[in-house]
Amino acid sequence: MAEKMQEQRRKSVSILGATGSVGGSTADLLLANPELYSVSALTGGRNLARLVELAHVLKPGFVAIADQDRYAELKNALSGTGIEVAAGDAAVCEAAARPSDWVMAAIVGCAGLLPTLTAVRRGATVALANKECLVSAGDIMMREVQASGATLLPVDSEHNAIFQVFEQHRRKSIDKIVLTASGGPFLGATLAEMEQKTPEEAVAHPQWNMGAKISVDSATMMNKGLEVIEAAHLFDLDVDRIDVLVHPQSIIHSLVAYTDGSVLAQLGMPDMRTPISYALAWPERMETSVQRLDLAEIANLTFSAPDMDCFPALALARGALRSGGAHPAVLNATNEIAVEAFLRKKLPFTGIAELVSDALQTVSARAPQTIDDVISLDLEARADARALLSRGRAVA
Ligand code: NDP
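Residue 235 in the numbering used here sits at position 235 of the sequence shown, with consecutive numbering throughout.
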């Protein structure tokens, strides 16, 4: 009886992308608060060992791995635990469809689109880390949120910061929002120096410990561009009311400027457990073991405007948002292919923005109307990007 009452009080949670960096930080918070949360479903892409490890400690009802070939191994590893297992893309969507109060959407890239949409469509509270799905399908996704009554809580640290200080009831008094950017590992480098940068250097972010794709996006500042598009959808603002400010210490996570001259900001140490915990406990707050901010110790916070010549990806993303139509989805798909090629040493670092720029030359002005349109557009843009790559953008 007591156990049943406790179960009723616990919030049930699913993690899409549990084996990744955001998934791991979410798991840490759940493990620190077992009396508050139970786990419904976990998903992974290919990392079977990590998925199995998480399943043993978090004890979900259902575990899915996207890679079909790992089904037998997963089933074997979890046999006798009572945990249901499945594999393949449909199984990942099945995990998102399983009942739970709260879903962490932390699959990287457009692969997260359908699972995230599945959770939205059943009206769940969705903590959104996967920015790519809003870049590719922002209008459709926001319409689906409205239609289902789902709650979308931004987890990206900048959007979470804005969410914390954005006075919805005073929307008319909001002048603009300002997304802060660390500038990544190549802040201050020249274009000639960037040409030589390796994947190892690009993923070594000075402030944040993240997955490989977002780390490279951070190094090109495409990440900030994707975030401008994400913010436009989340906060219903046009591109001219979204500024970017370089702030290498990553202490101020973003700001909202009001028409009376006030600027509200959210500060904290660069640790994803803070924004994740905010979304997990929302509308309350929860205690975390995140290092406390000591501004006297930090002493100096610095700011500068982004260097648009050294970081062309930022302008490309702003341009794609302004142009609308198919541009944001093509930008995202091409960037995913370009980052993958760079990580495999098939494209120089500066080739990432060049490939995206080339791909944006011939894009349709017509916006995708349905999720199927977005998926076809995404597949087509990936094929075009691969064709562009094979025509000579590769490193010698
Ligand atoms: P990681 O690369 O660390 O993790 C990505 C997750 O997605 C893993 O669980 C991976 O599985 C899974 N995955 C990859 N491909 C597929 C697929 N085809 N089908 C199903 N699952 C798949 O990324 P991060 O955790 O760093 O980032 C996740 C998302 O959150 C990204 O969209 C990123 O932009 C965003 N974000 C991340 C932040 C961070 O601090 N890391 C901050 C803000 C936003 P596996 O590893 O098992 O293959």
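For every residue, glycine included, the Cβ atom is placed at its ideal position computed from N, Cα and C.
Cβ-based burial, MET194 [other Cβ within 10 Å; buried from 16]
That one is buried.
Kindly indicate the opening and closing residues of the alpha helix (DSSP H) around PRO275.
273-281
Compare the beta carbon distance of ARG70 and ARG46 with 8 Å and say whether it is the shorter of the two.
yes
Following the continuous alpha helix (DSSP H) through GLY225, name the residue where it begins and the one where it ends.
222-235
Please go through the segment 159-210 and give each complete beta strand (DSSP E) segment of 3 or more residues, from N-terminal end onward.
174-181
Does the distance from the CB of HIS247 to the CB of ALA181 come in under 8 Å?
yes
The alpha helix (DSSP H) spanning MET142 covers which residue range?
131-148
Are three or more beta carbon pairs between the segment 28-44 and the segment 96-108 nearer than 8 Å?
yes
I'd like to know if the segment 359-367 and the segment 233-250 are in contact, where contact means that at least 3 CB-CB pairs between them fall below 8 Å.
no
Using a Cβ-Cβ cutoff of less than 6 Å, which residues in the same chain neighbour LEU153 once the five nearest sequence positions on both sides are dropped?
For LEU153, where only same-chain residues beyond five positions count, the Cβ hits under 6 Å are ALA127, ALA279 and TRP282.
Does DSSP put ALA329 in a helix, a strand or coil?
helix
Please go through the segment 311-389 and give each complete alpha helix (DSSP H) segment of 4 or more residues, from N-terminal end onward.
312-323, 327-343, 351-359 and 371-388
Mind checking MET221: buried by the 16 CB within 10 Å criterion, or exposed?
Counting Cβ neighbours within 10 Å, MET221 comes out buried, since at least 16 surround it.
Extent of the continuous beta strand (DSSP E) to which GLU84 belongs:
84-87
Please report the Cβ distance between VAL244 and LYS224, rounded to the nearest whole angstrom; I am assuming they are in contact, meaning their Cβ atoms lie under 8 Å.
With a beta-carbon spacing of about 5 Å, VAL244 and LYS224 fall inside the 8 Å limit used to define contacts.
Do ALA202 and ALA219 count as a contact pair if the criterion is CB distance below 8 Å?
Yes, the pair counts as a contact, with Cβ atoms nearer than the cut-off.
Taking DSSP's pairing of strands, which residues face GLY44 in a bridge?
Partner(s): ILE65.
Taking 8 Å as the cut-off, decide whether the C-beta atoms of LEU301 and GLY268 are in contact.
no
Thinking C-alpha only, which one of THR259, LEU179 and LYS213 is nearest ILE251?
LEU179
On the premise that ALA265 lies in contact with VAL165, defined as a C-beta separation below 8 Å, what is that separation, rounded to the nearest angstrom?
7 Å
On the DSSP bridge assignment, give the partners of MET104 in chain order.
ILE15 and ALA127
Would the C-beta of ASP28 count as close to the ligand NDP, meaning under 7 Å from any of its heavy atoms?
no
Say whether the segment 337-345 touches the segment 312-324, bearing in mind that this needs 3 or more beta-carbon pairs closer than 8 Å, one atom from each stretch.
no
Just mark LEU410 as buried or exposed, buried being the case when its beta carbon has 16 or more other beta carbons within 10 Å.
In the structure as shown, the chain starts at 1 and stops at 396, and residue 410 therefore has no counterpart that could be examined.
For VAL39, verify whether its CB is less than 7 Å away from any heavy atom of the ligand NDP.
no
Residue-chain proximity (PRO368, chain C), Cβ-Cβ < 8 Å:
Among the chains in the structure shown there is no chain C, since it carries only a single protein chain.
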